[in-house]
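Below: one structure, written as structure tokens.
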Amino acid sequence: MPLSRIITIVVGLSFIFGLMLWLISALSRLYSEIAWTSPFLANFLVFILIVLLICFIAIFIYYLGILPNGKTTAKGKRRRILPALPAEKNEIASKTIEAVKKQVAQIHDEVTQKALLVKSQQIEKNLTTGILKVAVFGTGSAGKTSLVNSLMGEMVGSVNASMGTTTEAVTHSLKLPQGNREILITDTPGILEMGAKGEIREQLARQLATEADLLLFVCDNDLRASEFTPLEALASIGKRSLLILNKIDLYSEEEQEIILTNLKERVKNFIAPVDVLKACANPQPVQFSEDEMIQPEVEITTVIKRLAAICRAEGDDLLADNILLQSQRLGEEARKLISQQRVREADKIIVRYQWIGAGVIACTPLPVLDMLATAAVNAQMVVEIGQVYGCELNSDTGKDLAVSLGKTLVSLGVVKGAVELIAKALQFTAATYVVGKVIQGISAAYLTRIAGKSFVEYFSQDQDWGDGGITEVVQRQFKLSRKDEFIKGFVQDAITKVIEPIKDTLDNNFNEQIEESNEIYFDESDDWGSNDKSKDYW
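The number in our numbering is simply the position in the sequence shown, starting from 1, with 142 added.
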């Protein structure tokens, strides 16, 4: 027990003892005066004062920590009370996880949805366990496993100087001296290993480091660029890190100080100097004499002390901050998947309406470009795309948006430009079909695609056209859709899906009418008669 605590207890007890003596003398006089008139009242007053004095003593002892405040089990063993997260961060993390669950519920892919739900449940579980996760990260030859072995106090993995010793993550439970929580320490695979398997192990190591509450980055010399980059990247997302120079037995005292100074200078922007430490987790034997080898002692005391100090002073904050980070990252992953899902669904709607519009206009060509633009932007398409993005629009709102974008297409010259692009592409793709109605039909499909993509951007930004307004969005989509490779493929699809079916239908109708006319002719003795179908047809 610290000396300051002992002095406080002695002074407090002396004060209480003196107070008790004074109270006894005062109570005896008070009791004798009241007892003459009301013995019952005198006894009751003494009882109340004694109870208050006992409560005062109990409170004093409790707050000084003399009595244990941990709960015990039925067997009499002290039960560890898990530290609570800071209330504000705890509440924020809970709300974030609930929001993530709602997002995950919108994902249609059952396998992906289940995987994200498992992640969210694990994050939610971390809110109550209070277990701190520490990841040991670094190159395969820096001595990560040796450091873990030393921290654990026993051999928990093979110790070897060659790279790639730890091929998968190994996690152990650790209880530091005077610690108040359990620590899970994970020995991650080494980074910067060669080959495809090395890249896979490095991805696993980076993932584990990202998910940890605290990072121990182990190196055996000054940081190379390939080591500095991942360490800086992890620090940029708020990952609390300790930088440990291992294998100091390979260097002299002067060399150690030089390397430590360089390390502190390089990482000063994201790691405090007090968190740059040195260690010797697996010292090499030293030849003492011809027949005697000396095994130096392990030197990791500074690492253990710093790790224990961080766990005591920052454990709750580290845990809360990491839970917030993980839930936010999971939310971003869910939002990305939902965005991709919505784009796919919106594309199906756009494709459906672009070919419908192309077919209608190819059969009944419109005489002016303004009408072509208006027809291309279908109000029902706008409503359906809005529904994909959770925006419920009525037909009137959809019509207003369609008309507004149609006018923009005309005012920007997009309609004219689209017709020219399609006409030019048709010269090289399908010269047989270069007629006005074919150009207009394919142009309508092309404009429908530009309009649909513009509305996807509009709804994905919460019904906002952005700083540049509708004009900038339409121009951007037109620019993206006018590449030669895209135009050629689009025209070919239009011919295959719209123009050729229409041509085949017209040819079949023509043949059917010829056959019908022939039947009438032969039935009436080679005379067309009054039902001159050929005139009606031609």
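Just so you know, even glycine gets a beta-carbon here, dropped at the ideal spot from N, CA and C. Just so it is clear, the structure is predicted and the values come from calculations on it, not from any experiment.
* Tell me, please, which residues DSSP counts as bridged to L461. => Position 319 of the sequence shown, counting from 1, holds the residue named residue 461. In the DSSP assignment, L461 is bridged to no other residue.
* **M523 burial status per 10 Å Cβ neighbour count (16 or more: buried)** => One-based indexing of the sequence shown puts residue 523 at position 381. Classification for M523: buried.
* Output the distance between the C-alpha atoms of V290 and I386, rounded to the nearest integer angstrom. => Walking along the sequence shown from the start, residue 290 turns up at place 148. Walking along the sequence shown from the start, residue 386 turns up at place 244. So the alpha carbons of these two residues sit roughly 12 Å apart.
* To do: Would you mind stating whether I413 and A450 have Cβ atoms separated by less than 8 Å?
  => Here residue 413 corresponds to residue number 271 of the sequence shown, with the count starting at 1. Here residue 450 corresponds to residue number 308 of the sequence shown, with the count starting at 1. Result no, Cβ atoms of I413 and A450 do not sit closer than 8 Å.
* To do: Look up I637 in the DSSP assignment and give the residues it is bridged to.
  => Residue 637 sits at position 495 when you count from the first residue of the sequence shown. Beta-bridge pairing links I637 to no other residue.
* Proximity below 8 Å, CB of L402 to CB of V278 -> Translated into positions along the sequence shown, residue 402 becomes position 260. Translated into positions along the sequence shown, residue 278 becomes position 136. Taking 8 Å as the Cβ cut-off, L402 and V278 do not qualify as a contacting pair.
* Are the stretch 550-569 and the stretch 589-609 touching, with three or more C-beta to C-beta distances below 8 Å? -> Yes, since at least three Cβ pairs between the stretch 550-569 and the stretch 589-609 fall closer than 8 Å, the two stretches touch.
* **Inter-stretch contact (C-beta, 8 Å, three-pair minimum) for the stretch 251-271 and the stretch 459-472** => In short, these stretches touch, since the Cβ pair count reaches three.
* Asked: To the nearest angstrom, how far is it from the Cα of A351 to the Cα of T330?
  -> As a first step, residue 351 is located in the sequence shown; it is residue number 209 there, counting from the start. As a first step, residue 330 is located in the sequence shown; it is residue number 188 there, counting from the start. Whole-angstrom Cα-Cα distance: 8 Å.
* Every unbroken beta strand (DSSP E) within the stretch 363-396, with a cutoff of 3 residues, ordered by chain -> If we require 3 residues or more, the beta strand (DSSP E) runs fully inside the stretch 363-396 come out as 383-387.
* Asked: For chain C, is any of its Cβ atoms less than 8 Å away from the one on L187?
  -> Of the protein chains in the structure, only one exists, and it is not chain C.
* Rounded C-alpha distance that separates I584 from R486 -> The sequence position of residue 584 within the sequence shown is 442, counting from 1. The sequence position of residue 486 within the sequence shown is 344, counting from 1. Rounded to whole angstroms, the gap between the alpha carbons of I584 and R486 is 22 Å.
* Find the nearest neighbour of E642 within the set Q483, A521 and A500, judged by alpha-carbon distance. => Against the sequence shown, residue 642 aligns to sequence position 500. Closest by alpha carbon: A500.
* To do: Could you tell me the distance, in whole angstroms, from the CA atom of I333 to the CA atom of N388?
  => Taking the sequence shown and counting its residues from 1, the one referred to as residue 333 is at position 191. Taking the sequence shown and counting its residues from 1, the one referred to as residue 388 is at position 246. If I take the Cα positions, the gap works out to 16 Å.
* Cα separation between E599 and K541? -> Taking the first residue of the sequence shown as 1, we reach residue 599 at position 457. Taking the first residue of the sequence shown as 1, we reach residue 541 at position 399. Taking the straight line joining both Cα atoms gives about 18 Å.
* Asked: Mapping DSSP to helix, strand and coil, what is F359?
  -> Residue 359 sits at position 217 when you count from the first residue of the sequence shown. If DSSP states are grouped into helix, strand and coil, F359 belongs with the strands.
* Look at A421 and I390 and say whether their C-beta atoms are less than 8 Å apart. => Position 279 of the sequence shown holds residue 421. Position 248 of the sequence shown holds residue 390. Using a Cβ distance threshold of 8 Å, A421 and I390 count as a contacting pair.
* Using the Cα positions of R171 and I158, report the straight-line distance between them to the nearest angstrom. => Within the sequence shown, residue 171 is the residue found at index 29, counting from 1. Within the sequence shown, residue 158 is the residue found at index 16, counting from 1. So the two alpha carbons sit approximately 20 Å from each other.
* In the DSSP assignment, what are the bridge partners of A277? -> Locating residue 277 in the sequence shown gives position 135, counting from the first residue. DSSP links A277 through a beta bridge to T328 and L357.
* Tell me whether K420 sits in a helix, a strand or coil according to DSSP, three-state version. => Locating residue 420 in the sequence shown gives position 278, where the first residue counts as 1. Here K420 carries a strand assignment [DSSP, helix/strand/coil].
* **As assigned by DSSP and simplified to three states, the class of S315** => The residue you call residue 315 lines up with position 173 of the sequence shown. In the displayed model, S315 falls within a strand according to three-state DSSP.
* To do: Work out the CA separation of K621 and Q483 for me, nearest whole Å.
  => Residue numbering aside, residue 483 sits at position 341 when the sequence shown is read from its first letter. Residue numbering aside, residue 621 sits at position 479 when the sequence shown is read from its first letter. A direct Cα-to-Cα measurement between Q483 and K621 gives close to 24 Å.
* What three-state label does DSSP hand V428 in the structure shown? -> As a working note, residue 428 is residue 286 in the sequence shown. Strand at V428.
* Selection from D458, E397, D362 and V416 that minimises the alpha carbon distance to D355 -> Working through the sequence shown from its first residue, we reach residue 355 at position 213. For D355, the nearest C-alpha among the options comes from D458.
* Asked: Considering only the beta carbon of each residue, do T527 and Q245 sit closer than 8 Å?
  -> Locating residue 527 in the sequence shown gives position 385, counting from the first residue. Locating residue 245 in the sequence shown gives position 103, counting from the first residue. According to the sequence as given, residue 527 is Ile; it is not Thr. Pairing I527 with Q245 gives a Cβ-Cβ distance that is not under 8 Å.
* **Exposed unless 16 or more other CB atoms sit within 10 angstroms - verdict on T281** => Position 139 of the sequence shown, counted from the start, is the residue given in the question as residue 281. Answer is buried; the Cβ neighbour count reaches 16.
* To do: Select from D362, K478, I151 and F370 the residue whose C-alpha is nearest the C-alpha of Y393.
  => In the sequence shown, residue 393 corresponds to position 251, counting from 1. Of all alpha-carbon atoms in D362, K478, I151 and F370, the one lying nearest the alpha-carbon of Y393 is that of D362.
* Asked: Is L511 helix, strand or coil by DSSP?
  -> Here residue 511 corresponds to residue number 369 of the sequence shown, with the count starting at 1. Its pLDDT being 49, under 50, L511 is placed unreliably by the model, and the measurement read from it follows with that caveat. Annotated three-state conformation of L511 is helix, per DSSP.
* Asked: beta strand (DSSP E) containing E434: first to last residue?
  -> Residue numbering aside, residue 434 sits at position 292 when the sequence shown is read from its first letter. For E434, the enclosing beta strand (DSSP E) starts and ends at E434 to I436.
* Kindly indicate which three-state DSSP category E456 falls into: helix, strand or coil? => Taking the sequence shown and counting its residues from 1, the one referred to as residue 456 is at position 314. Note: E456 maps to helix in three-state DSSP.
* Does the distance from the CB of V440 to the CB of A423 come in under 8 Å? -> Position 298 of the sequence shown, counted from the start, is the residue given in the question as residue 440. Position 281 of the sequence shown, counted from the start, is the residue given in the question as residue 423. A contact, by the Cβ cut-off of 8 Å.
* For R408, I'd like the list of residues in its chain whose CB is within less than 7 Å of its CB, leaving aside the five on either flank, ordered along the chain. => Here residue 408 corresponds to residue number 266 of the sequence shown, with the count starting at 1. Correct list, in chain order: L365 and F370.
* Asked: Secondary structure at I442, three-state DSSP: helix, strand or coil?
  -> Counted from its first residue, the sequence shown places residue 442 at position 300. Secondary structure at I442: coil, using DSSP grouped into helix, strand and coil.
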